[in-house]
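Enquirer: In terms of full-length UniProt numbering, the sequence shown opens at residue 1 and continues consecutively.
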Amino acid sequence: MSSTHFGFETVDETQKARRVRGVFDSVASRYDIMNDLMSMGLHRAWKAYTVAVANLKAGDKVLDIAGGTGDLARAFARKVGERGMVVHTDINEAMLRTGRERLLDEGMVLPTNLCDAEALPYKDNSFDLVSVAFGLRNMTHKDKALAEMCRVLRPGGRLLVLEFSRVAEPLRKPYDWYSFKVLPRLGQMIAGDADSYRYLAESIRMHPAQAELKAMMKTAGFGHVDVHNLTGGVVALHVGIKC
């Protein structure tokens with residue numbers, strides 16, 4: 001049996017998806033509140049920057065992977081208009097349901113699908129843009145997921161990966177203190193779940209750093225990849241072009 005990591009813990013790779021699902025089942029109802037608290041609202045700026053870089057036009061077709069509570073899907077839908085399409089997906093039913101309800105509350109009816117990024121149920125060359133925000137690090141086989149994202153993009157289409165990354169050296173000690181001391185306490189107070197936010201901090205450290213993820217995207221079929229470091233590398237936006 002092959003093994004992989006679940007935070008700092010080594011687990012059989014068949015167990016990871018189930019355990020990640022348990023994390024997000026636990027936090028789905030408080031996910032947005034926790035995002036605001038743990039990032040001090042910065043996640044909104046990171047997502048706004050991603051939408052700006054996406055530079056969508058009316059009529060574009062977008063696939064939002066690990067779309068969760070729908071922040072990016074909602075913003076993308078406003079850009080592509082009625083002639084375009086945004087497909088909102090997630091592997092976690094609780095997160096997808098929470099996002100779908102939020103979108104409906106705002107009068108947005110988007111195609112919403114429960115699916116695994118490692119085996120996307122879409123045809124080749126179907127989308128102008130694929131996005132995944134804060135979801136890639138939770139995937140068991142990131143290489144398979146990236147290859148699938150490349151497959152469903154049209155030639156010239158772009159993949160946007162917004163993810164926690166390797167923070168700049170001067171920030172590492174305070175960032176580690178915040179991640180391992182403060183985040184679990186916030187998770188316990190707000191979501192009643194310290195362990196899920198401890199996993200979050202660990203999963204960030206196990207995720208490929210900027211240069212490694214760039215290399216993985218090129219291996220997956222993206223001919224050109226740009227890296228945008230945000231907030232001192234706390235987050236990075238990788239932009240890959242399918243050539």
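Note that the Cβ used here is the ideal one computed from N, Cα and C, for glycine as well.
Any idea if alanine 58 is buried or exposed, counting beta-carbon neighbours within 10 angstroms, 16 or more meaning buried?
Expert: By the neighbour-count rule (16 or more Cβ atoms within 10 Å), alanine 58 is not buried but exposed.
Enquirer: Within the continuous beta strand (DSSP E) that includes aspartate 128, where are the two ends?
Expert: Run containing aspartate 128: 127-133, per the beta strand (DSSP E) assignment.
Enquirer: Report all residues from its chain with a CB closer than 7 Å to the CB of valine 227; omit the five preceding and five following residues, and keep chain order.
Expert: Answer for valine 227: Gln210, Lys214, Ala236 and His238, listed in chain order.
Enquirer: Nearest to leucine 200 by CA position, among Thr112, Cys115 and Phe164, is which residue?
Expert: Answer by Cα proximity: Phe164.
Enquirer: Going by the CB atoms, is the gap between leucine 56 and valine 80 shorter than 7 Å?
Expert: Contact flag set, yes.
Enquirer: Taking the alpha-carbon positions, what's the asparagine 229 to lysine 173 distance?
Expert: Distance between the alpha carbons of asparagine 229 and lysine 173 is about 18 Å.
Enquirer: Which whole-angstrom value describes the C-beta separation of isoleucine 65 and serine 131, a residue pair presumed to lie in contact below a C-beta threshold of 8 Å?
Expert: Going by Cβ atoms, the distance from isoleucine 65 to serine 131 rounds to 7 Å, so yes, they are a contact pair.
Enquirer: According to DSSP, is alanine 75 helix, strand or coil?
Expert: If DSSP states are grouped into helix, strand and coil, alanine 75 belongs with the helices.
Enquirer: With a threshold of 6 Å on Cβ separation, who are the neighbours of histidine 207 within its own chain once the five nearest residues in sequence on each side are excluded?
Expert: Excluding sequence neighbours, histidine 207 sits near Arg137.
Enquirer: Looking at the unbroken beta strand (DSSP E) that takes in proline 155, where does it start and where does it end?
Expert: Start and end: 153-164.
Enquirer: Is the beta carbon of asparagine 92 less than 7 Å from the beta carbon of arginine 21?
Expert: In contact: asparagine 92 and arginine 21 (Cβ atoms closer than 7 Å).
Enquirer: Could you tell me which residues DSSP pairs with leucine 114 in its beta bridges?
Expert: For leucine 114, which the question treats as bridged, DSSP gives the partners Asp90.
Enquirer: Need the endpoints of the beta strand (DSSP E) that alanine 236 sits in, please.
Expert: Note, alanine 236: beta strand (DSSP E), 235-242.
Enquirer: So, with DSSP's three-state summary, where would you put lysine 61?
Expert: Strand, per DSSP.
Enquirer: Name the two residues that bound the continuous beta strand (DSSP E) containing arginine 227.
Expert: A small correction: the amino acid at residue 227 is valine; arginine does not occupy that position in the sequence shown. Element bounds for valine 227: 222-230.
Enquirer: Would you give the residue range spanned by the beta strand (DSSP E) that threonine 10 belongs to?
Expert: Per DSSP, threonine 10 belongs to the beta strand (DSSP E) from 9-12.
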